[in-house]
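Trainee:
Numbering (full-length UniProt numbering), first residue to last: 1 to 303.
#1: Bridge partners of residue 157, per DSSP?
#2: Which of helix, strand or coil does DSSP assign to residue 216?
#3: Just the Cα atoms here: how many angstroms apart are residue 129 and residue 13?
#4: So does the stretch 268 to 278 actually touch the stretch 141 to 161, counting three or more Cβ pairs closer than 8 Å?
#5: Using C-beta distances below 6 Å, list every residue in its chain close to residue 263, excluding the 5 sequence neighbours before and after it, in chain order.
#6: I'd like the list of long-range same chain contacts for residue 147, defined as Cβ closer than 6 Å, with 5 residues on each side in sequence excluded.
#7: Within its chain, find whatever has a CB closer than 6 Å to the CB of residue 286; leave out the 5 residues flanking it on each side and keep chain order.
#8: Under the DSSP definition of a beta bridge, which residues are partnered with residue 165?
#9: Return the residue from the list 179, 150, 292 that minimises the CA-CA distance to residue 166.
#10: If you draw a straight line from the alpha carbon of residue 132 to that of residue 142, how long is it in whole angstroms?
#11: With a 10 Å radius around its C-beta and 16 neighbouring C-beta atoms as the bar for buried, classify residue 8 as buried or exposed.
#12: Apart from the five residues just before and just after residue 183, which ones in its own chain have a Cβ nearer than 8 Å to its Cβ?
#13: Excluding five sequence neighbours on each side, which residues of the same chain lie with their C-beta closer than 7 Å to the C-beta of residue 104?
#14: Which residues mark the beginning and the end of the alpha helix (DSSP H) in which residue 49 is found?
#15: Counting Cβ pairs, one atom from each stretch, are 3 or more of them under 8 Å apart for the stretch 114 to 128 and the stretch 228 to 248?
#16: What is the DSSP secondary structure of residue 172, counted as helix, strand or coil?
#17: Please report how far the alpha carbon of residue 254 lies from the alpha carbon of residue 174, in whole angstroms.
#18: Of all the alpha helix (DSSP H) runs that stay within the bounds of the stretch 221 to 262, which reach a length of 4 or more residues?
#19: Specify the secondary structure class of residue 71 as computed by DSSP and reduced to three states.
#20: Tell me, to the nearest whole angstrom, how far the beta carbon of residue 163 is from that of residue 290; I am working on the premise that it is less than 8 Å.
#21: Mark residue 43 as exposed unless 16 or more other C-beta atoms lie within 10 angstroms of its C-beta, in which case mark it buried.
#22: Go ahead and label residue 171 buried or exposed: buried means 16 or more other beta carbons lie within 10 angstroms of its beta carbon, across all protein chains shown.
#23: Does residue 196 come out as helix, strand or coil in the three-state DSSP assignment?
#24: Within this structure, are the beta carbons of residue 54 and residue 45 separated by less than 7 Å?
#25: Could you give the first and the last residue of the continuous beta strand (DSSP E) run that contains residue 64?
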């Protein structure tokens with residue numbers, strides 16, 4: 001028991017340690033925790049005495065984590081985050097019917113969110129907690145139950161259920177077109193191209209589909225489709241965007257189709273569920289509802 005107690009510091013000491021590690025200052029940590037600087041310093045000293053290791057390197061001006069402290073800080077941040085989540089779940093009783101879902105930023109806000117009220121009405125006992133993720137991640141570490149993913153159906157230790165294929169098309173703004181003569185796909189190769197960082201080969205694939213060689217010059221890069229769309233509407237260049245995500249802009253005339261044929265992406269949208277969550281009732285309910293929405297109105301957007 002004595003050994004166990006030695007390995008379990010008080011939450012007050014852990015909170016003080018995490019704050020100092022994050023803020024790099026005893027004074028700032030004390031202000032955040034509403035404590036005196038001396039109280040924070042005592043909590044850190046108690047931790048160092050408890051473990052027999054120096055957690056911070058101090059001089060007259062600065063405080064920084066020691067090598068041991070840096071390793072410990074990562075674990076403490078994770079542990080405190082789990083404790084906070086557990087407390088919130090207990091207070092809201094959300095764990096009895098919770099679904100922790102990772103969504104893609106633009107797909108989530110433009111396609112999924114307008115549909116979510118229907119799910120909430122059908123399943124009032126399930127609380128969805130949303131997290132934004134791009135690319136793969138560790139479900140267990142992130143404490144997420146499912147994800148909507150764009151890519152290939154090759155996520156390790158998970159089931160990938162196809163939601164929809166994706167068609168992309170080149171677009172530009174009316175103002176951009178007004179000052180340029182663009183009549184053929186070949187003309188696009190001489191224009192500034194806007195790129196998605198997560199799809200570096202998209203333009204090359206599109207030009208190949210048109211029977212053309214892709215230009216080799218640099219272009220602006222963006223991390224999210226929403227930002228690319230805004231840049232395109234601002235007249236910064238030509239963007240290759242999914243039709244389903246820009247239906248509103250096309251309908252309102254804020255974006256115009258550029259010359260050339262749309263192209264079906266080699267990747268698609270999937271609902272990804274780790275194997276250990278396949279039987280989770282909330283996950284099953286969401287999967288069935290989502291597939292119903294895709295089958296009913298795969299290109300529906302609420303604008």
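Every residue, glycine too, gets a C-beta built ideally from N, C-alpha and C. The model shown is predicted, which means the values in this text are computed figures rather than measured ones.
Mentor: From the atom records:
#1: Per DSSP, none; premise fails for residue 157.
#2: Residue 216: coil per DSSP, three-state reduction.
#3: Approximately 30 Å, taken between the alpha carbons.
#4: yes
#5: 168, 206, 209
#6: The residues are 102, 272.
#7: 99
#8: 268
#9: 150
#10: 11 Å
#11: exposed
#12: 259
#13: 134, 148, 150
#14: 37 to 51
#15: no
#16: strand
#17: 7 Å
#18: 225 to 233, 247 to 252
#19: helix
#20: 7 Å
#21: Under this definition residue 43 is a buried residue.
#22: Buried: at least 16 other Cβ atoms inside 10 Å.
#23: strand
#24: no
#25: 63 to 65
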